[in-house]
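Which chain is which? The protein sequence lines are A and B, in order. Just so we're aligned, residue 12 is where the first sequence starts under the working numbering, counting upward by one. Just so we're aligned, residue 123 is where the second sequence starts under the working numbering, counting upward by one. Glycine is no exception: its CB is placed at the ideal position from the N, C-alpha and C atoms. Single-structure report; data block below.
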Amino acid sequence: KDTFVGDKVLRIIPKNEAQLSLLKEMEEMPEMDIWRGVTGVGIPVDIRVPFHQLSSVKIHLQEHDIEHSTMIEDLQVLLDEEQQEMESSARFAQPRN
Amino acid sequence: TDSFDYANYHTLDEVGTQFGNAPRLKPLSQTQIYRFQDMLVAENPSLVSKIVIGQSYQGRALNVLKVSKAPILRPIVFSLFSTGGTNRPAIWIDTGIHSREWVTQASGTWFAKKIVTDYGRDPALTAILDKMDIFLEIVTNPDGFYYTHNSNRMWRKTRKPTPGSSCVGVDPNRNWDAGFGEPGASSSPCSETYRGPTAHSETEVKSIVDFVKAHGNIKAFLSIHSYSQMLLYPYGYTSSPAKDQADLHNLAKKAVSELASLYGTYYTYGSVINTIYQASGITIDWTYKQGIKYSYTFELRDTGRYGFILPANQILPTARETWLALMAIMNHTFQNPY
Numbered sequence: 012k013d014t015f016v017g018d019k020v021l022r023i024i025p026k027n028e029a030q031l032s033l034l035k036e037m038e039e040m041p042e043m044d045i046w047r048g049v050t051g052v053g054i055p056v057d058i059r060v061p062f063h064q065l066s067s068v069k070i071h072l073q074e075h076d077i078e079h080s081t082m083i084e085d086l087q088v089l090l091d092e093e094q095q096e097m098e099s100s101a102r103f104a105q106p107r108n
Numbered sequence: 123t124d125s126f127d128y129a130n131y132h133t134l135d136e137v138g139t140q141f142g143n144a145p146r147l148k149p150l151s152q153t154q155i156y157r158f159q160d161m162l163v164a165e166n167p168s169l170v171s172k173i174v175i176g177q178s179y180q181g182r183a184l185n186v187l188k189v190s191k192a193p194i195l196r197p198i199v200f201s202l203f204s205t206g207g208t209n210r211p212a213i214w215i216d217t218g219i220h221s222r223e224w225v226t227q228a229s230g231t232w233f234a235k236k237i238v239t240d241y242g243r244d245p246a247l248t249a250i251l252d253k254m255d256i257f258l259e260i261v262t263n264p265d266g267f268y269y270t271h272n273s274n275r276m277w278r279k280t281r282k283p284t285p286g287s288s289c290v291g292v293d294p295n296r297n298w299d300a301g302f303g304e305p306g307a308s309s310s311p312c313s314e315t316y317r318g319p320t321a322h323s324e325t326e327v328k329s330i331v332d333f334v335k336a337h338g339n340i341k342a343f344l345s346i347h348s349y350s351q352m353l354l355y356p357y358g359y360t361s362s363p364a365k366d367q368a369d370l371h372n373l374a375k376k377a378v379s380e381l382a383s384l385y386g387t388y389y390t391y392g393s394v395i396n397t398i399y400q401a402s403g404i405t406i407d408w409t410y411k412q413g414i415k416y417s418y419t420f421e422l423r424d425t426g427r428y429g430f431i432l433p434a435n436q437i438l439p440t441a442r443e444t445w446l447a448l449m450a451i452m453n454h455t456f457q458n459p460y
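Written out as structure tokens, the structure reads:
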């Protein structure tokens with residue numbers, strides 16, 4: 012089972028065409044999971060970044076002055092919550108009379 | 123189906139929630155969402171029937187619910203040779219071709235119930251169904267859907283191995299014969315947007331292709347994804363405007379306005395290439411090429427910034443607001459025959 016401990020989802024907002032091009036290059040990097048693709052200047056891009064690539068990606072973004080924020084801090088935490096919610100829902104589901 | 127919990131996510135197989143390799147299932151095995159579909163058919167025998175348009179790579183049924191007031195024969199096992207004669211004009215809706223988009227399959231389940239509930243009550247839907255059929259494929263990529271529940275929540279592709287590569291699966295929204303292989307898809311099997319070796323190489327895609335061609339009278343094709351809050355029309359592979367661009371654009375504007383009227387959810391709209399990115403081999407470019415004028419793809423809501431793990435409490439609002447946009451497109455299709 013794949014786990015996503017420490018994986019972050021970054022929301023990146025490109026400010027100009029140069030940053031757009033850089034983000035398009037990032038799309039081609041292995042293990043980058045693009046949740047919301049590169050569209051245009053000022054439009055958010057969401058990328059899931061594996062934990063082991065976080066520092067290099069953040070340095071890359073900072074070096075090019077690309078604005079970004081963390082949309083999901085730790086993906087696995089949310090997935091665990093989702094799993095618990097589903098299990099809880101299944102437990103409480105009553106069979107039809 | 124009244125007691126089905128529409129406000130929560132459901133697996134394909136509630137029993138099989140152990141992690142591990144997906145078994146090769148027997149065709150037509152009865153699992154959670156499949157069971158819902160059978161129940162809906164059983165409860166509405168004069169309105170809903172189930173068509174099996176094919177099997178996934180791992181042997182799961184590719185079920186399509188047919189909602190029709192025309193006389194039906196049940197059980198119907200679809201074959202290319204069973205659709206003799208002229209079919210009624212129809213609307214196609216598919217949900218969840220990218221398996222990890224769980225809010226999409228959940229919305230599709232709600233749509234199915236909404237259609238049978240509103241028939242005879244909502245004059246607009248009733249008028250549509252008195253003249254047209256609706257086809258609804260709720261789990262368009264069942265192997266991927268199973269895999270998201272059991273092995274990798276973020277999986278979006280099919281599960282067919284690629285010979286000579288350790289990477290598995292094809293992006294089923296890059297596998298259609300419309301600009302196939304052009305920029306906007308990857309030739310690398312390890313990419314999330316791998317287009318596959320040839321157009322229609324994936325049975326999940328080919329089964330729809332065969333069905334659409336054999337039917338021959340589908341007038342609107344709505345392929346539903348999540349999450350970017352967009353309503354998109356052809357083309358994805360070229361920046362040339364579609365012949366019907368003005369009409370498609372005006373209808374998209376109306377549909378997103380209807381959608382926003384419920385909760386204020388903001389959608390952008392336009393052609394795929396201009397609104398999101400260049401994408402080749404996509405579903406709606408192929409359907410448009412087949413002459414289906416009202417070909418649209420939705421990207422459902424992102425409220426809460428959770429992406430593909432949209433909390434379950436977002437399912438019903440998402441489905442309800444999307445339904446308004448679907449009705450706008452279906453009604454326009456009904457009132458503007460071509």
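For the alpha helix (DSSP H) containing residue i, list its first residue and its last residue.
i                  : result
Asp-255 of chain B : From DSSP, Asp-255 of chain B is part of no alpha helix (DSSP H) but of the beta strand (DSSP E) over 255 to 259.
Ile-437 of chain B : 437 to 457
Tyr-410 of chain B : 405 to 411
Val-163 of chain B : 154 to 165
Mind checking whether residue i and residue j have CB atoms under 8 Å apart?
i                  : j                  : result
Ile-24 of chain A  : Gly-53 of chain A  : yes
Thr-397 of chain B : Leu-422 of chain B : no
Arg-296 of chain B : Ser-402 of chain B : yes
Ala-212 of chain B : Lys-415 of chain B : no
Val-378 of chain B : Leu-353 of chain B : yes
Phe-447 of chain B : Leu-370 of chain B : For clarity, residue 447 of chain B is Ala in the given sequence; the question names Phe instead. Their beta carbons are not under 8 Å apart, which means Ala-447 of chain B does not touch Leu-370 of chain B by this criterion.
Gln-154 of chain B : Leu-184 of chain B : no
Thr-231 of chain B : Phe-158 of chain B : yes
Glu-223 of chain B : Phe-430 of chain B : yes
Asp-57 of chain A  : Met-82 of chain A  : yes
Lys-365 of chain B : Tyr-391 of chain B : no
Gln-351 of chain B : Asp-424 of chain B : yes
For residue i, which residues in chain A fall below 9 Å Cβ to Cβ?
i                  : result
Cys-289 of chain B : Those within 9 Å of Cys-289 of chain B in chain A number zero; the least Cβ separation is about 11 Å.
Ser-221 of chain B : Within chain A, no residue comes near Ser-221 of chain B; the closest Cβ sits about 14 Å away, beyond 9 Å.
Taking buried to mean at least 16 other C-beta atoms within 10 Å of its own C-beta, is residue i buried or exposed?
i                  : result
Tyr-388 of chain B : exposed
Met-40 of chain A  : exposed
Val-76 of chain A  : For the sequence presented, residue 76 of chain A should be read as Asp rather than Val. Exposed: under 16 other Cβ atoms inside 10 Å.
Asn-372 of chain B : exposed
Ile-70 of chain A  : exposed
Gly-358 of chain B : buried
Met-37 of chain A  : buried
Phe-203 of chain B : Bear in mind that the predicted position of Phe-203 of chain B carries a pLDDT of just 47, short of 50, making it unreliable; the figure below should be weighed with that in mind. Answer is exposed; the Cβ neighbour count stays below 16.
Glu-92 of chain A  : exposed
Asp-18 of chain A  : buried
Ser-362 of chain B : exposed
Pro-294 of chain B : buried
Asp-255 of chain B : buried
Please list the partners that residue i has in chain B, where partner means a Cβ-to-Cβ separation under 7 Å.
i                 : result
Glu-96 of chain A : Ala-434
Gly-48 of chain A : Ile-398, Tyr-399
Lys-26 of chain A : Near Lys-26 of chain A there are no residues of chain B at all, since even the closest Cβ is about 18 Å away, more than 7 Å.
Which residue marks the beginning of the beta strand (DSSP E) containing residue i, and which one marks its end?
i                  : result
Glu-78 of chain A  : 78 to 83
Val-186 of chain B : 183 to 189
Ser-178 of chain B : Run containing Ser-178 of chain B: none; DSSP gives neither H nor E here.
Arg-22 of chain A  : 19 to 24
Thr-419 of chain B : 416 to 422
Tyr-131 of chain B : Premise fails: Tyr-131 of chain B is in no beta strand (DSSP E) and is neither H nor E.
Thr-390 of chain B : 390 to 393
Could you list which residues in chain A have their beta carbon closer than 8 Å to that of residue i, in chain order?
i                  : result
Tyr-428 of chain B : Ile-83, Leu-89
Note down, in chain order, every chain B residue with its Cβ under 8 Å from the Cβ of residue i.
i                  : result
Gly-17 of chain A  : By Cβ distance, chain B contributes nothing, its closest Cβ being about 14 Å from Gly-17 of chain A, past 8 Å.
Ile-45 of chain A  : Glu-314
Pro-61 of chain A  : Result: empty, since nearest Cβ-Cβ is about 11 Å, beyond 8 Å.
Val-113 of chain A : As shown, chain A starts at 12 and ends at 108. That puts residue 113 of chain A outside it, with no answer to give.
Asp-76 of chain A  : Residues of chain B passing the Cβ test: none, with the nearest at roughly 23 Å.
Anything in chain A within Cβ reach of residue i, meaning under 7 Å, just list it in chain order.
i                  : result
Arg-275 of chain B : Leu-90
Asn-130 of chain B : Met-97, Ser-100
Ser-350 of chain B : Arg-47
Ile-431 of chain B : Leu-89, Leu-90, Glu-93
Please list the partners that residue i has in chain B, where partner means a Cβ-to-Cβ separation under 9 Å.
i                 : result
Lys-69 of chain A : Going along chain B, no residue has its Cβ under 9 Å from Lys-69 of chain A, so there is no contact; the nearest lies around 19 Å.
Practice task
Taking only runs that begin and end inside the region 335 to 381 of chain B, name each unbroken alpha helix (DSSP H) of 4 or more residues, in chain order.
Solution key: List check, alpha helix (DSSP H) in window: nothing returned.
Problem - Segments of 3+ residues assigned as beta strand (DSSP E) that fall wholly inside the region 215 to 272 of chain B - result: As summarised for the region 215 to 272 of chain B, the continuous beta strand (DSSP E) elements at least 3 residues long and confined to that stretch are 255 to 259, given in chain order.
Practice task
Give, in chain order, every unbroken run of the alpha helix (DSSP H) that is at least 4 residues long and sits entirely within the region 34 to 105 of chain A.
Solution key: DSSP runs (the alpha helix (DSSP H)) wholly in the region 34 to 105 of chain A: 65 to 74, 86 to 103.
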